[in-house]
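Each residue of the sequence shown is one higher than the last, beginning at 51 in this note's numbering. We put the CB at the ideal spot given by N, CA and C, even for glycine. First comes the structure, then the notes that go with it.
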Amino acid sequence: MALPAEPTLDHLVYGVTDLPAAVERIADATGVAPVEGGRHLGRGTRNFLAGFTPTAYLEIIALDAEHPTAAGTAVPFGVDRLREDRLIAWAVHPSGAAAAAAESRRLGADHGDLRGMSRLTTSGATLDWRLALAEPDAAGALPWGGVAPFIIDWGATRHPAADLPRLRLAGFMLVTPDVTALRQLLGAVGATSDPPPSMVAGPAGLRAIIAGPRGELEL
51 MALPAEPTLD HLVYGVTDLP AAVERIADAT GVAPVEGGRH LGRGTRNFLA GFTPTAYLEI
111 IALDAEHPTA AGTAVPFGVD RLREDRLIAW AVHPSGAAAA AAESRRLGAD HGDLRGMSRL
171 TTSGATLDWR LALAEPDAAG ALPWGGVAPF IIDWGATRHP AADLPRLRLA GFMLVTPDVT
231 ALRQLLGAVG ATSDPPPSMV AGPAGLRAII AGPRGELEL
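What follows is the structure in structure tokens.
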């Protein structure tokens with residue numbers, strides 16, 4: 051697949067154990083205060099958001115003590131198993147979302163088929179999208195330890211990053227046991243970012259540096 055002209059990074063997922071404390075830490079370090087996104091009713095999580103561009107953002111996500119997970123429903127990203135704050139996943143919005151999900155599956159990072167999702171915004175509106183995202187395994191891990199991006203399609207929905215306070219993504223790193231396989235996967239699904247992700251060999255994980263008028267913070 052030819053790489054798209056515009057970066058397809060949709061969002062980075064930063065899982066935290068204490069949402070107010072994490073939001074305050076980001077605001078203090080960068081000078082940019084994330085804003086409340088909303089609640090994933092039935093899924094047991096809530097989030098705060100800060101933008102990178104009009105179509106890319108940082109999601110800070112934690113358990114929602116006021117609205118627990120519905121019976122038989124897995125908590126997104128294994129947030130209920132977090133012991134420390136960390137980047138746990140990233141999403142891309144390629145032009146052919148279904149084809150990208152199929153390519154990811156073919157190359158061994160199976161996020162499943164696109165399915166409808168929604169969350170309630172702070173204004174009471176419902177935000178709808180489709181995504182292909184695997185449930186965490188028994189150990190709480192996502193495909194390839196989270197470095198294989200999941201796929202999102204906003205359809206006709208206005209992108210939630212459009213009106214967010216703006217951070218700058220100063221650096222993005224993917225750590226993986228198999229750099230060659232990951233590079234092939236990112237090319238196949240059309241996954242790009244600005245700056246482009248650096249890839250280094252090691253135990254799977256994600257790192258990012260976010261920046262604002264006050265300074266930088268490594269996630």
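Determine the closest residue to residue i out of the options, with distance taken between C-alpha atoms.
i, options, result
"Ala139", "Ser145, Ala212, Arg257", "Arg257"
"Val142", "Ala100, Val125, Arg93, Val197", "Val197"
"Ala261", "Ala149, Thr123, Gly101, Asn97", "Gly101"
"Arg96", "His117, Leu108, Gly81", "His117"
"Ala251", "Pro245, Glu266, Thr226, Ala106", "Thr226"
"Pro253", "Leu235, Val229, Val239, Pro246", "Val229"
"Glu109", "Asp244, His61, Thr123", "His61"
"Gly205", "Pro144, Pro247, Pro126, Arg264", "Pro144"
"Ile76", "Leu59, Asp135, Thr123", "Asp135"
"Leu99", "Ala212, Arg264, Pro247", "Ala212"
"Ala241", "Ala150, Leu214, Leu69, Pro210", "Ala150"
"Gly146", "Ile201, Val63, Pro246", "Ile201"
"Asp203", "Ala159, Ala106, Pro263", "Ala106"
"Leu170", "Leu69, Pro210, Leu59", "Pro210"
"Leu59", "Pro246, His161, Pro70", "Pro246"
Among the residues of its own chain, which have a CB less than 7 angstroms from the CB of residue i, if the five just before and after it don't count?
i, result
"Thr172", "Glu86, Gly88"
"Ser168", "Thr176, Leu177, Asp178"
"Asp114", "Arg89, Gly94, Thr95, Arg96"
"Ala182", "Ala151, His161, Gly162, Asp163, Leu164, Phe200, Ile201"
Any idea if residue i is buried or exposed, counting beta-carbon neighbours within 10 angstroms, 16 or more meaning buried?
i, result
"Gly65", "buried"
"Pro193", "buried"
"Thr103", "buried"
"Glu268", "exposed"
"Ser154", "buried"
"Arg216", "exposed"
"Gly166", "exposed"
"Gly128", "buried"
"Pro199", "buried"
"His161", "buried"
"Ala71", "exposed"
"Pro263", "exposed"
Which same chain residues, not among the five before or five after residue i, have their C-beta less than 8 angstroms away from its C-beta?
i, result
"Leu157", "Ala231, Gln234, Leu235, Ala238"
"Thr207", "Leu177, Asp178, Trp179"
"Glu266", "Ala79, Thr80, Ala220, Ile259, Ile260"
"Ala124", "Glu185, Pro186"
"Leu137", "Leu62, Val63, Tyr64, Gly65, Gly196, Gly255, Leu256, Arg257, Ala258, Leu269"
Grab me the residues of residue i's own chain with a C-beta within less than 6 angstroms of its C-beta, minus the 5 sequence neighbours each way, in chain order.
i, result
"Gly132", "Position check: residue 132 holds Leu in this sequence, whereas Gly was assumed. The answer, listed in chain order, is Gly65, Thr67."
"Asp22", "Residue 22 is absent from the structure shown; the chain starts at 51 and stops at 269."
"Gly174", "none"
"Ser248", "Met223"
"Ala191", "none"
Checklist line | Completely contained alpha helix (DSSP H) runs for the stretch 68 to 112, where each covers 4 or more residues | finding: 69 to 80
Notebook entry, point to check: Is the stretch 220 to 227 in contact with the stretch 241 to 257, if contact means three or more CB pairs nearer than 8 angstroms?
Noted result: yes
Margin query: Ignoring anything shorter than 3 residues, give me the beta strand (DSSP E) runs that lie fully in the stretch 239 to 265, in order along the chain.
Written below: 248 to 251, 255 to 261
Check: At which residue ranges does the stretch 124 to 186 contain complete alpha helix (DSSP H) runs of 4 or more residues, listed in the order of the chain?
Finding: 147 to 156
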